[in-house]
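Residue numbering for the sequence shown follows the UniProt record's numbering, starting at 1 and increasing by one per position.
Here a beta-carbon is modelled for each residue, glycine too, at the ideal position from N, C-alpha and C.
Here's the structure, in structure tokens; my notes come after.
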Amino acid sequence: MLTRDEAWQLLCDWTPSDKLRVHARAVELVMRDLATGLDQDVERFGLAGLLHDADYDSWPEEHPRRIVAWLRARGDEDIAHAISAHYTRWQVPYESLLDKALLASDEITGFVMACALVRPTRTEGLEPKSVKKKLKDKAFAAGVDRFEVAEGLRMLIEAIGGTEDEHLARIIGVLHAHRGELGLN
């Protein structure tokens with residue numbers, strides 16, 4: 001089984017961009033937190049979050065095929081499948097909670113970080129309603145696919161219950177707890 005150290009080394013080898021590494025780490029933290037709260041495999045959830053964009057910097061035209069193939073060759077099929085499904089337009093079926101959790105954590109984590117970065121207090125005092133208001137502004141963080149955010153939240157809520165506000169508050173809390181590491185001070 002893949003270890004966290006091996007995954008981090010691969011991410012560093014394949015991902016020269018510090019910005020993308022920070023995103024990967026943020027999604028890893030959000031996924032680990034979700035897994036803990038749902039009594040799921042924290043390591044597997046974390047590894048999926050950490051590696052979901054590992055091949056994007058070096059081989060954007062092959063994303064996510066290269067990381068998926070690498071994981072499948074190692075026997076890490078659950079993580080490979082979740083990564084192959086982390087964008088709905090790829091038409092990969094969502095078969096597990098891991099698959100849905102990654103979709104529900106990827107785009108929105110990046111978006112919440114963008115929301116925090118334009119505030120003088122960053123994550124301090126950031127509320128779900130502020131994030132939702134920014135989601136309506138198509139010019140803000142225009143690269144974030146709002147459809148993916150909505151589908152991810154819908155699938156996760158359908159699978160585990162809760163509300164959008166609860167999911168957003170949890171993400172904000174995770175990012176706040178790790179704000180120093182994530183450059184959100």
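Nearest neighbour of residue i, chosen from the options [CA to CA]
| i | options | result |
| --- | --- | --- |
| R44 | E77, K134 and S58 | E77 |
| G161 | K100, A7 and E95 | K100 |
| Q9 | D39, L50 and Q40 | L50 |
| A159 | Y94, A54 and P16 | Y94 |
| D137 | A114, I157 and L156 | A114 |
| M155 | D145, T88, G180 and R179 | T88 |
| V92 | R65, R25, T3 and R74 | R65 |
| G125 | H23, G75 and A169 | A169 |
| I108 | L38, L117 and I171 | I171 |
| A150 | Y56, A69 and S105 | S105 |
| G180 | L2, E164 and R25 | R25 |
| L98 | L38, W14 and A116 | L38 |
| G46 | E6, V112, L184 and E164 | E6 |
Host alpha helix (DSSP H) of residue i (start-end)
| i | result |
| --- | --- |
| P128 | P128 to K136 |
| T36 | D18 to L38 |
| V42 | V42 to L51 |
| D55 | Careful: D55 lies outside any alpha helix (DSSP H) and carries neither H nor E. |
| V144 | Careful: V144 lies outside any alpha helix (DSSP H) and carries neither H nor E. |
Coarse secondary structure for residue i, derived from DSSP in three states
| i | result |
| --- | --- |
| S96 | coil |
| D76 | coil |
| Q9 | helix |
| H167 | helix |
| V118 | coil |
| H178 | coil |
| V112 | helix |
| P60 | helix |
Residue i versus residue j - alpha carbon distance
| i | j | result |
| --- | --- | --- |
| T121 | L71 | 39 Å |
| S84 | K19 | 22 Å |
| R103 | C12 | Residue 103 is actually Leu in this sequence, not Arg. Those two C-alpha atoms are separated by around 22 Å. |
| D53 | H86 | 10 Å |
| H167 | L153 | 8 Å |
| R119 | A142 | 17 Å |
| A139 | P128 | 19 Å |
| G75 | E62 | 20 Å |
| L117 | L29 | 18 Å |
Residue i: CB within 8 Å of a non-hydrogen atom of the ligand PLP
| i | result |
| --- | --- |
| A116 | With respect to small molecules bound, the structure shown includes none, and the ligand PLP cannot be examined in it. |
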